[in-house]
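Participant:
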Amino acid sequence: MQLKIDMPRPVHDQELERWKAVKFPVPKLADYGFSEPNKILQKEFYTYAKEDNFNALFGLLSDKLEHVSSEEVLNVIFQHVAASGNSLLHVAASHGGEGVTQLLCHHFPLLITRKNFLGDNALHLAARAGRFDTIQNLVKHVKIHHKTLELASLLRMKNNKGNTPLHDRCSHQGLPRGGLFPRL
40 MQLKIDMPRP
50 VHDQELERWK
60 AVKFPVPKLA
70 DYGFSEPNKI
80 LQKEFYTYAK
90 EDNFNALFGL
100 LSDKLEHVSS
110 EEVLNVIFQH
120 VAASGNSLLH
130 VAASHGGEGV
140 TQLLCHHFPL
150 LITRKNFLGD
160 NALHLAARAG
170 RFDTIQNLVK
180 HVKIHHKTLE
190 LASLLRMKNN
200 KGNTPLHDRC
210 SHQGLPRGGL
220 FPRL
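Per our numbering, residue 40 is the first one in the sequence shown, and the count goes up by one each step.
This is the structure we're talking about:
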């Protein structure tokens, strides 16, 4: 006989699932997939992504959706970037923001391939920063949920220096040469 005990999930996971259930607008590839960002990200959005405060970040987005428009939400996500050209996903990935990373990938998968001004996608930044959980999150999302992107394509994407995320991981100062991604 096998005993099964149902343990309540941590509050963090329950909150993530609650935000995943919220319906955000679905961007059209033609409108947002290849458009260039053209506005500076507001400080509060940047800070919430950096600090992995997904409740505050998605609360702001939800308020915009309810009180302004779905187009304004998409503009914040796809048109607003930090001074370096980093989207909210870049910011979260480089700082190890697991909750924000999961939610942005879930609601706005086009961000996964979005590049900053140096040609880095979020995986480049997570790899360079040694954020293994974030790397696994991004890879898992592509493997399971992304319908138009193959994992191999994401792993082979090169930045302006010609580096893939794996190159960045291996050659980043202070990280061991030849170090690989964690088991994916």
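Glycine is no exception: its CB is placed at the ideal position from the N, C-alpha and C atoms. Only a predicted model underlies this, so the values are computations on that prediction, with no experimental measurement involved.
1. Which residues mark the beginning and the end of the alpha helix (DSSP H) in which Val130 is found?
2. With a floor of 4 residues, list each alpha helix (DSSP H) that falls wholly inside the stretch 59-108, ordered by position along the chain.
3. On the three-state DSSP scale, how would you describe His119?
4. Do Val112 and Pro64 count as a contact pair if the criterion is CB distance below 9 Å?
5. From the DSSP output, in three-state form, read off Asp159 for me.
6. On the three-state DSSP scale, how would you describe Leu188?
7. Less than 6 Å between C-beta atoms, sequence neighbours within five positions excluded: which residues of the same chain meet that for Ile116?
8. Name the residue from Lys78, Ala161, Lys62 whose alpha carbon lies nearest to the alpha carbon of Ala178.
9. Do Leu127 and Leu188 have their beta-carbon atoms positioned less than 9 Å apart in this structure?
10. Taking just the CA atoms, how far does Lys82 sit from Asn202?
11. Under a three-way DSSP split, which group does Asn114 fall into?
Facilitator: Considering the structure as presented:
1. Per DSSP, the continuous alpha helix (DSSP H) segment holding Val130 begins and ends at 127-133.
2. Here the runs fully enclosed are 82-89, 93-106.
3. His119 falls in the strand class under three-state DSSP.
4. Yes, these two residues count as a Cβ contact at 9 Å.
5. Asp159: coil per DSSP, three-state reduction.
6. Assignment of Leu188 by DSSP, reduced to helix, strand and coil, places it in the coil class.
7. Cβ contact annotation for Ile116 (same chain, cutoff 6 Å, sequence separation greater than five): Phe147, in chain order.
8. Ala is not the amino acid found at residue 178; the sequence shown has Val there. Closest in C-alpha terms to Val178, from the list Lys78, Ala161, Lys62, comes Ala161.
9. Contact flag unset, no.
10. Cα to Cα, the separation comes out at about 30 Å.
11. In this structure, Asn114 counts as helix in the three-state DSSP scheme.
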